[in-house]
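So the structure is just underneath, and the comments pick up after that.
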Amino acid sequence: KLAPKDTLQIVVQGQEILTVTITTIHSKSFSYTILNRSPIHDAQHRFTLAQALPKQDKMTDIFKKCTEIGVSEFIPVLTERCVSRPKDTTHKITRWKKAIESAASQSKQQDIPLLHNMKHLKEFISYINTNPHDIMIVPWEETELDQGLSALIPKNNTPTSVCVFIGPEGGLSITEIKQLQAVGFKTCSLGLYILRTENAGFFTFSQIRFALQSGFRYT
Numbered sequence: 005k006l007a008p009k010d011t012l013q014i015v016v017q018g019q020e021i022l023t024v025t026i027t028t029i030h031s032k033s034f035s036y037t038i039l040n041r042s043p044i045h046d047a048q049h050r051f052t053l054a055q056a057l058p059k060q061d062k063m064t065d066i067f068k069k070c071t072e073i074g075v076s077e078f079i080p081v082l083t084e085r086c087v088s089r090p091k092d093t094t095h096k097i098t099r100w101k102k103a104i105e106s107a108a109s110q111s112k113q114q115d116i117p118l119l120h121n122m123k124h125l126k127e128f129i130s131y132i133n134t135n136p137h138d139i140m141i142v143p144w145e146e147t148e149l150d151q152g153l154s155a156l157i158p159k160n161n162t163p164t165s166v167c168v169f170i171g172p173e174g175g176l177s178i179t180e181i182k183q184l185q186a187v188g189f190k191t192c193s194l195g196l197y198i199l200r201t202e203n204a205g206f207f208t209f210s211q212i213r214f215a216l217q218s219g220f221r222y223t
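Going by the working numbering, the letters in the sequence shown line up with residues 5 to 223, in that order.
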């Protein structure tokens, strides 16, 4: 609960972070004095996560974690092996938006990530055809182990946009993989062990962000 003289930070979307001290508490608002202003630096990379709908409410945690690591666009996708197939996604979208907004504020993001409405795979493919990314990756458990992320991250040119497609608990079918490959996605292995769908996106973007920010290249 806030009280006078408390200090907190306010993220002004797309502009700056204000460090303030509260002077007066009102019924539905408060007054404050600004102690410091810090600019928010522009994001260098546009990260998009296309996530097949998982079981239960795993999507909320997926969006929270991936927002914190800098994903700026989320696309929920219904694929062949999705167990959860809600007819009305309105309440889910509302809940996910709140989770994303909270995570963006906590991690001091420049902007609130964009959350799309649920798309079937064909709708997603149509969308990505008109919104291509420099790198488009689909981790797939049937990919050979030696075909990892290293082969997909350019050694000379730095990409400005990356899209990662993560399948559901049952994985993606070969037909779906071929449909994604037809629009430019490349499959990769995430290593010897199979990751849960709720961890795969965060893991993949962690590796990509490390490589892009540090200049490190996998060997």
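All residues carry an ideal CB built from backbone N, CA and C; glycine is no exception.
Small disclaimer: the values here were computed from a predicted structure and weren't measured.
(request) Please say whether GLU180 and LYS62 have beta carbons closer to each other than 8 Å? (result) no
(request) Please specify which runs of the beta strand (DSSP E), each continuous and at least 3 residues long, are wholly inside the segment 28–103, giving them in chain order. (result) 34–43, 50–56, 77–82
(message) Closest to GLU105 by C-alpha separation, out of ASN135, GLU77, ILE157, would be which residue?
(response) GLU77
(message) Please report the distance separating the alpha-carbon of ARG41 from that of LEU6.
(response) 21 Å
(message) Rounding to the nearest angstrom, what Cα-Cα distance links GLN110 and SER130 in this structure?
(response) 33 Å
(message) What I want to know is whether the C-beta of PHE189 ends up closer than 7 Å to one or more non-hydrogen atoms of the ligand FMN.
(response) The model on display carries no ligand, and the ligand FMN is accordingly not part of it.
(message) Helix, strand or coil for THR162? Go by DSSP, reduced to three states.
(response) coil
(message) Contact defined as beta carbons within less than 8 Å: I believe ILE157 pairs with ILE212. What is the distance between those atoms, to the nearest angstrom?
(response) 7 Å
(request) Say whether the segment 182–193 touches the segment 62–75, bearing in mind that this needs 3 or more beta-carbon pairs closer than 8 Å, one atom from each stretch. (result) no
(request) Taking the CB atoms as reference points, tell me whether MET122 and PRO80 lie closer together than 8 Å. (result) yes
(message) Using C-beta distances below 7 Å, list every residue in its chain close to HIS124, excluding the 5 sequence neighbours before and after it, in chain order.
(response) LEU82
(message) So HIS120 and VAL166 are supposed to be a Cβ contact under 8 Å. How far apart are they, rounded?
(response) Not confirmed; about 17 Å, so no contact.
(request) Would you mind sorting HIS49 into buried or exposed? The rule is 16 or more other CB atoms within 10 Å of its CB. (result) buried
(request) Would you list the one or two residues that DSSP bridges to ILE139? (result) VAL166
(message) So, with DSSP's three-state summary, where would you put ILE132?
(response) helix
(message) Here's the rule I'm using: 16 or more other beta-carbon atoms within 10 Å means buried, otherwise exposed. How should ASP10 be labelled?
(response) exposed
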